[in-house]
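Asks: Structure below; questions to follow.
Numbering (UniProt numbering), first residue to last: 1 to 129.
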């Protein structure tokens, strides 16, 4: 996707990105996460892991790089518990446009500077608001 083609949308649950980017991410995550992969029965998610054999699975942070800024998301912002034995990547392919969905936005204060056409993300503990 080109610069400026990502929407921040609190009404969209998942994060949607260009299919090439998602596939690259899936390939990298599959190599570094030492868990068995499983198919999503509904076919929505590109990558799911079987977590039934582990008490506390570890998932890496994912960093999005934008012009002049980077946004690092922890596993709670990038993975979703599909069922008690399955965790899936909450980033899915979209050929239309990119969306940073509300799972990715959790525990961030998001600032909109309309005059300068900038957006900012500040980590926050939203349980204490």
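The beta carbon of each residue, even a glycine, is placed where N, CA and C say it ideally should be.
Out of curiosity, what's the CA-to-CA distance linking residue 120 and residue 9?
Replies: Position 120 of the chain shown, counting from 1, holds the residue named residue 120. Position 9 of the chain shown, counting from 1, holds the residue named residue 9. When rounded, the distance between both Cα atoms is 14 angstroms.
Asks: Measure the C-alpha to C-alpha separation of residue 92 and residue 71 and round it to an integer number of angstroms.
Replies: For the purposes of this step, residue 92 is taken as residue 92 along the chain shown, with counting starting at 1. For the purposes of this step, residue 71 is taken as residue 71 along the chain shown, with counting starting at 1. Cα to Cα, residue 92 sits roughly 18 angstroms from residue 71.
Asks: Are the beta-carbon atoms belonging to residue 30 and residue 48 less than 8 angstroms from one another?
Replies: Within the chain shown, residue 30 is the residue found at index 30, counting from 1. Within the chain shown, residue 48 is the residue found at index 48, counting from 1. Contact: no.
Asks: Please work out which residues of its chain come closer than 7 angstroms, Cβ to Cβ, to residue 85, disregarding the five sequence neighbours upstream and downstream, and give them in chain order.
Replies: Locating residue 85 in the chain shown gives position 85, counting from the first residue. These residues qualify, in order along the chain: 50, 51 and 52.
Asks: Using DSSP's beta-bridge definition, name the partner residues of residue 79.
Replies: In the chain shown, counting from the first residue as 1, residue 79 sits at position 79. Answer by DSSP bridge pairing, in chain order: 89.
Asks: Alpha carbon to alpha carbon, what distance is there between residue 56 and residue 14?
Replies: As a position in the chain shown, residue 14 is number 14, starting the count at 1. As a position in the chain shown, residue 56 is number 56, starting the count at 1. Taking the straight line joining both Cα atoms gives about 23 angstroms.
Asks: Using the Cα positions of residue 143 and residue 73, report the straight-line distance between them to the nearest angstrom.
Replies: Given a span of 1 to 129 for the chain in the structure shown, any question on residue 143 remains unanswerable.
Asks: Quick one: measure Cβ to Cβ for residue 40 and residue 88, integer angstroms, because I've assumed they're closer than 8 angstroms.
Replies: Working through the chain shown from its first residue, we reach residue 40 at position 40. Working through the chain shown from its first residue, we reach residue 88 at position 88. Between residue 88 and residue 40 the Cβ distance is about 6 angstroms, and since that is below 8 angstroms, they are a contact.
Asks: With residue 123 as the anchor, note down where its beta strand (DSSP E) starts and where it stops.
Replies: Taking the chain shown and counting its residues from 1, one reaches residue 123 at position 123. First-last of the beta strand (DSSP E) with residue 123: 118 to 123.
Asks: Can you tell me the Cβ-Cβ gap for residue 33 and residue 59, rounded? I've got them flagged as a contact below 8 angstroms.
Replies: As a working note, residue 33 is residue 33 in the chain shown. As a working note, residue 59 is residue 59 in the chain shown. Right, their Cβ atoms sit about 6 angstroms apart.
Asks: Using a threshold of 8 angstroms, state whether the C-beta atoms of residue 126 and residue 102 are closer than that.
Replies: Indexing the chain shown from 1 puts residue 126 at position 126. Indexing the chain shown from 1 puts residue 102 at position 102. No, the Cβ-Cβ distance between residue 126 and residue 102 is not below 8 angstroms.
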